[in-house]
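K.L.:
Residue numbers (full-length UniProt numbering): 1 to 570.
Every residue, glycine too, gets a C-beta built ideally from N, C-alpha and C.
Structure provided below as structure tokens; questions to follow.
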Amino acid sequence: MIPAAPPEMLPSLRVWQRKAMVAYHRGQSRDFLAVATPGAGKTTFALRIAYDLLADGTVDTVTVVAPTEHLKTQWSGAAARFGIQLDPAFRNASVHSAADFHGVVVTYAQIGADPAVHRRRTLSRRTLVILDEIHHAGDARTWGEGVQTAFDEAERRLCLTGTPFRSDDNPIPFVEYDEEADGVKRSRADALYGYRDALADGVVRPVMFMAYSGQAKWRTSAGDELAVRLGQPLTKDLTSQAWRTALDPEGEWIKQVIRAADRRLSSLRAAGIPDAGGLIIASDQNSARAYAGILKRVTGKSAAIVLSDDAGSSDKIAKFADSNEEWLVAVRMVSEGVDIPRLAVGVYATNAHTPLYFAQAIGRFVRSRRPGETASVFLPSVIPLLSLAENLEADRDHVIKPKSQDEDPELLLEQAQRVLNEGTELGGQRETLESNAELDQVIFDGGSFGLPVEAGSAEEQEYLGLPGLLTQEQVHLLLQKRQREQMAKQKSGTRTETVERPAAEPAMTNAQKRLKLRKQLNALVGARSFATNEPHGKIHAMLRSKCGGPPSAQATIEQLEERIAVIRSL
Numbered sequence: 001m002i003p004a005a006p007p008e009m010l011p012s013l014r015v016w017q018r019k020a021m022v023a024y025h026r027g028q029s030r031d032f033l034a035v036a037t038p039g040a041g042k043t044t045f046a047l048r049i050a051y052d053l054l055a056d057g058t059v060d061t062v063t064v065v066a067p068t069e070h071l072k073t074q075w076s077g078a079a080a081r082f083g084i085q086l087d088p089a090f091r092n093a094s095v096h097s098a099a100d101f102h103g104v105v106v107t108y109a110q111i112g113a114d115p116a117v118h119r120r121r122t123l124s125r126r127t128l129v130i131l132d133e134i135h136h137a138g139d140a141r142t143w144g145e146g147v148q149t150a151f152d153e154a155e156r157r158l159c160l161t162g163t164p165f166r167s168d169d170n171p172i173p174f175v176e177y178d179e180e181a182d183g184v185k186r187s188r189a190d191a192l193y194g195y196r197d198a199l200a201d202g203v204v205r206p207v208m209f210m211a212y213s214g215q216a217k218w219r220t221s222a223g224d225e226l227a228v229r230l231g232q233p234l235t236k237d238l239t240s241q242a243w244r245t246a247l248d249p250e251g252e253w254i255k256q257v258i259r260a261a262d263r264r265l266s267s268l269r270a271a272g273i274p275d276a277g278g279l280i281i282a283s284d285q286n287s288a289r290a291y292a293g294i295l296k297r298v299t300g301k302s303a304a305i306v307l308s309d310d311a312g313s314s315d316k317i318a319k320f321a322d323s324n325e326e327w328l329v330a331v332r333m334v335s336e337g338v339d340i341p342r343l344a345v346g347v348y349a350t351n352a353h354t355p356l357y358f359a360q361a362i363g364r365f366v367r368s369r370r371p372g373e374t375a376s377v378f379l380p381s382v383i384p385l386l387s388l389a390e391n392l393e394a395d396r397d398h399v400i401k402p403k404s405q406d407e408d409p410e411l412l413l414e415q416a417q418r419v420l421n422e423g424t425e426l427g428g429q430r431e432t433l434e435s436n437a438e439l440d441q442v443i444f445d446g447g448s449f450g451l452p453v454e455a456g457s458a459e460e461q462e463y464l465g466l467p468g469l470l471t472q473e474q475v476h477l478l479l480q481k482r483q484r485e486q487m488a489k490q491k492s493g494t495r496t497e498t499v500e501r502p503a504a505e506p507a508m509t510n511a512q513k514r515l516k517l518r519k520q521l522n523a524l525v526g527a528r529s530f531a532t533n534e535p536h537g538k539i540h541a542m543l544r545s546k547c548g549g550p551p552s553a554q555a556t557i558e559q560l561e562e563r564i565a566v567i568r569s570l
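Here it is as structure tokens:
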């Protein structure tokens, strides 16, 4: 069945979409991987390919596989603009769709549950399979095997992703990997359009990260009281506990950050983006409800709440997207693929910190509608998130390491301990005693700006009140100006409202200092690994080659300091 829309009525294509379309039709290959940053328009590109293949008779039907139920509805609506009718309500028990549909939209979970149904459908008619966010096919063994079984005989397969990487070595079905000299396999894209390119073209917004630190104090299940400063070099266990304390609805930190985010949103709505919306991303449903309550208490504003298992979640998202409402609170429903272009302010109130999750979450805020729009995301000032924020523009592939490759034994132990700690902490009893927030720094375009200031202070407002419609260069200049003014006040002795730092820590023993330096070195190695895709072990080996000496477990204080200086200079 030929699509109903005439060619002259089709949505226009951006330059990258047109280039990718030409590459697709020129190659005529069975498999094609398009990697484009969230917000760049992967859906429009894929539907144009589907239109062309249906129109010229290359395929008879289309199957779209999406990560979530809500995205099924979104894909169906987008396809209708091309005159392509896709059934978003198809169920495995149906086996066949109605004759007046060009195809169906299903989820990866549906495929994994009964791949035989979809294999029979694929074999019965020449099928184009569009695999949206294909990296999800590696999420579970049943999903990957199901996708492989269902679609290995498809006429054409078009794979889409905004984040072509995973935190594991699970291969992604129908994605080609190039093996490099060291045995590492790296995914190969047929069309690539990264965040940096999209930013330069004005297709996406730049993101300004407002990183908040502060004091966190809690009581452990053993009755011990611990107090630390969020963002200081800490063990992973202490960082995790301090992070959870900051996000606890019972503490002041999250209240102060939500209040600051709302002031930023009000500033944007008053100065150029009148329909700007805000999104609070929560770790769980209880926290989501609690954050909505906090928003109501501290600002007087109500928020729409979207929970993954709520009936009618898709309708709530669609209603918010088309409204002028200010705030939405969600758990996972809005973390990937959901299109709400007016979202301009976010609160990252979750402890999820894999590169994949972070990139997809931030992708909700980068969809540009007009020149000069800037997004603002508020987050805890902790090393894992700061590293991800600073490297937002890095283009990364999915890398599979050879099994025989040596790993840094310290890193393996650290990872194992982290898994153990995370598993016990989530179920462990703890009580938040105190938390407060301060604006620690602003991260923009990979750089850090500003000095720590109290939440609610006039100096914080100078950053929260930055105009919403500025070019990237203008944002840079304003941030630099604010920072110079802060430093000048401090030098002249003018009283500022920066937070008093805690008293100097007592002198450390050599053992304590070595431990602190090793953690600092590991954090820097982790950040470089994220930016370059080099294994941690390879980076450690490079530092040892440059500086000499034994592995860091046996290195002296001087050797550790030298390695830290070297990696900072890279």
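#1: So is Gly-27 buried or exposed if we call it buried at 16+ other beta carbons inside 10 Å?
#2: Grouping DSSP H, G and I as helix and E and B as strand, with all else coil, what is Gln-360?
#3: At which residues does the alpha helix (DSSP H) containing Ser-368 begin and terminate?
#4: Scan the UniProt domain "Helicase ATP-binding" (23–182) and note each continuous alpha helix (DSSP H) run of 4 residues or more that stays entirely inside, going in chain order.
#5: For the alpha helix (DSSP H) that Asp-262 lies in, which residues bound it at each end?
#6: Could you spell out the range, first to last residue, of the beta strand (DSSP E) harbouring Glu-434?
#7: Whether or not the region 102–122 and the region 68–83 are in contact is what I'm after, with contact meaning three or more pairs of Cβ atoms, one per stretch, closer than 8 Å; do they touch?
#8: Are Leu-54 and Pro-3 close, meaning C-beta to C-beta below 8 Å?
#9: According to the neighbour-count rule (16 or more other Cβ atoms, all chains shown, within 10 Å of its Cβ), is Ile-254 buried or exposed?
#10: Could you give the first and the last residue of the continuous alpha helix (DSSP H) run that contains Val-475?
#11: Going by the beta-carbon positions, is the gap between Gln-148 and Pro-173 smaller than 8 Å?
#12: Measure the Cβ-Cβ separation of Phe-320 and Ala-344 and say whether it is below 8 Å.
#13: Counting C-beta neighbours from all protein chains within 10 Å, is the total for Arg-48 16 or more, i.e. buried, or is it exposed?
#14: Would the region 75–89 count as touching the region 14–29 if we require 3 or more Cβ pairs under 8 Å?
#15: For Ser-448, write down the residues that DSSP places opposite it in a beta bridge.
#16: If contacts are defined as beta-carbon pairs under 8 Å, then Ile-564 and Leu-521 qualify, I think. What distance do you get, rounded to the angstrom?
#17: Pull up the distance between the alpha-carbon of Leu-247 and that of Leu-230, whole angstroms please.
#18: Just to confirm the assignment: which complete alpha helix (DSSP H) runs, minimum length 4, are found wholly within the region 513–551?
#19: Give every residue of the same chain whose Cβ lies closer than 6 Å to the Cβ of Glu-434, excluding the five residues on either side of it in the sequence, and list them in chain order.
#20: In chain order, what residues of the same chain lie with their CB nearer than 7 Å to the CB of Pro-6, ignoring the 5 residues before and after it?
#21: May I have the straight-line CA-CA distance separating Leu-470 from Glu-133, to the nearest angstrom?
#22: For a quick check, are the C-beta atoms of Ile-273 and Glu-145 less than 8 Å apart?
#23: Considering Cα atoms alone, identify which of Leu-307, Glu-176, Ser-302 is closest to Lys-325.
#24: Is the beta carbon of Thr-127 less than 8 Å from the beta carbon of Val-65?
#25: Note down, in chain order, each residue of its chain lying with its Cβ closer than 7 Å to the Cβ of Ile-362, except the 5 sequence neighbours on either side.
#26: Rank Val-129, Phe-151, Leu-131, Gln-474 by C-alpha distance to the C-alpha of Asp-114 and give the top, closest one.
#27: If I'm right that Ala-455 touches Gln-232 with Cβ under 8 Å, what's the distance once you round it to whole angstroms?
#28: Going by DSSP, which residues form a beta bridge with Leu-388?
#29: Cβ of Ile-130 within 8 Å of Cβ of Ala-50?
#30: Consider the C-beta atom of His-476 and the heavy atoms of the ligand GDP; say whether any pair is separated by less than 7 Å.
#31: Determine, using beta carbons only, whether Leu-379 and Tyr-357 come nearer to each other than 8 Å.
#32: Starting from Glu-225, follow the beta strand (DSSP E) in both directions and report where the run begins and ends.
#33: I'd like the list of long-range same chain contacts for Arg-188, defined as Cβ closer than 6 Å, with 5 residues on each side in sequence excluded.
#34: From Cys-159, Val-117, Ile-111, Ala-389, pick the residue whose C-alpha is nearest to that of Trp-143; which is it?
#35: By DSSP's criteria, Leu-380 is part of a beta bridge. Which residues make up the other side?
#36: Considering Ala-198, what are the terminal residues of the alpha helix (DSSP H) in which it resides?
P.N.:
By the coordinates alone:
#1: Working through the sequence shown from its first residue, we reach residue 27 at position 27. Under this definition Gly-27 is an exposed residue.
#2: Taking the sequence shown and counting its residues from 1, the one referred to as residue 360 is at position 360. Reduced to three states, the DSSP call for Gln-360 is helix.
#3: As a working mapping, residue 368 is identified with position 368 in the sequence shown. Per DSSP, Ser-368 belongs to no alpha helix (DSSP H) and is neither H nor E.
#4: 42–55, 69–80, 108–113, 115–124, 141–151
#5: Counting from one through the sequence shown, the residue named residue 262 turns up at place 262. Per DSSP, Asp-262 belongs to the alpha helix (DSSP H) from 252–270.
#6: Working through the sequence shown from its first residue, we reach residue 434 at position 434. Its beta strand (DSSP E) spans residues 431–435.
#7: yes
#8: Working through the sequence shown from its first residue, we reach residue 54 at position 54. Working through the sequence shown from its first residue, we reach residue 3 at position 3. Yes.
#9: Reading the sequence shown from its first residue, position 254 is the one you call residue 254. The residue is buried, with at least 16 neighbouring Cβ atoms inside 10 Å.
#10: Position 475 of the sequence shown holds residue 475. Taken as a continuous stretch (DSSP letters only), the alpha helix (DSSP H) holding Val-475 covers 472–492.
#11: By 1-based counting over the sequence shown, the position of residue 148 is 148. By 1-based counting over the sequence shown, the position of residue 173 is 173. Closer than 8 Å, so yes.
#12: Counting from one through the sequence shown, the residue named residue 320 turns up at place 320. Counting from one through the sequence shown, the residue named residue 344 turns up at place 344. Taking 8 Å as the Cβ cut-off, Phe-320 and Ala-344 do not qualify as a contacting pair.
#13: In the sequence shown, counting from the first residue as 1, residue 48 sits at position 48. So Arg-48 counts as buried.
#14: no
#15: Locating residue 448 in the sequence shown gives position 448, counting from the first residue. Ser-448 is bridged to Ile-443.
#16: Looking up residue 564 in the sequence shown gives position 564. Looking up residue 521 in the sequence shown gives position 521. Contact flag correct, Cβ pair sits at about 5 Å.
#17: The residue labelled residue 247 in the question sits at position 247 within the sequence shown. The residue labelled residue 230 in the question sits at position 230 within the sequence shown. Taking the straight line from one Cα to the other gives about 11 Å.
#18: 536–547
#19: Looking up residue 434 in the sequence shown gives position 434. So the list reads Lys-217, once near-sequence residues are dropped.
#20: As a working mapping, residue 6 is identified with position 6 in the sequence shown. No residues qualify anywhere along the chain.
#21: For the purposes of this step, residue 470 is taken as residue 470 along the sequence shown, with counting starting at 1. For the purposes of this step, residue 133 is taken as residue 133 along the sequence shown, with counting starting at 1. Whole-angstrom Cα-Cα distance: 31 Å.
#22: Taking the first residue of the sequence shown as 1, we reach residue 273 at position 273. Taking the first residue of the sequence shown as 1, we reach residue 145 at position 145. Not closer than 8 Å, so no.
#23: Counted from its first residue, the sequence shown places residue 325 at position 325. Looking at the sequence shown, residue 325 is not Lys but Glu. Out of Leu-307, Glu-176, Ser-302, Ser-302 has the C-alpha closest to the C-alpha of Glu-325.
#24: Numbered from its first residue, the sequence shown carries residue 127 at position 127. Numbered from its first residue, the sequence shown carries residue 65 at position 65. No, these two residues do not count as a Cβ contact at 8 Å.
#25: In the sequence shown, counting from the first residue as 1, residue 362 sits at position 362. For Ile-362, where only same-chain residues beyond five positions count, the Cβ hits under 7 Å are Val-207, Val-377, Leu-392.
#26: Here residue 114 refers to the residue found at position 114 when the sequence shown is read from its first residue. With distances taken between Cα atoms, Asp-114 lies closest to Phe-151.
#27: To locate residue 455, count along the sequence shown from 1; it is residue 455. To locate residue 232, count along the sequence shown from 1; it is residue 232. Wrong, their Cβ atoms sit about 18 Å apart, outside the cutoff.
#28: One-based indexing of the sequence shown puts residue 388 at position 388. In DSSP, Leu-388 forms no bridge with anything.
#29: As a working mapping, residue 130 is identified with position 130 in the sequence shown. As a working mapping, residue 50 is identified with position 50 in the sequence shown. Closer than 8 Å, so yes.
#30: Inclusion of the ligand GDP in the displayed structure is not the case, the ligand content being empty and no account of it being possible.
#31: Your numbering for residue 379 matches position 379 in the sequence shown. Your numbering for residue 357 matches position 357 in the sequence shown. No, these two residues do not count as a Cβ contact at 8 Å.
#32: For the purposes of this step, residue 225 is identified with residue 225 of the sequence shown, where counting begins at 1. Note, Glu-225: beta strand (DSSP E), 225–230.
#33: Working through the sequence shown from its first residue, we reach residue 188 at position 188. Contacts found: Glu-176, Asp-178.
#34: In the sequence shown, the residue the question calls residue 143 occupies position 143. Comparing Cα-Cα distances from Trp-143 to each of Cys-159, Val-117, Ile-111, Ala-389, the minimum goes to Ile-111.
#35: Taking the sequence shown and counting its residues from 1, the one referred to as residue 380 is at position 380. The sequence given here has Pro at residue 380, not Leu. Tyr-212.
#36: If you number the sequence shown from 1, residue 198 lands on position 198. Unbroken alpha helix (DSSP H) run through Ala-198: 195–201.
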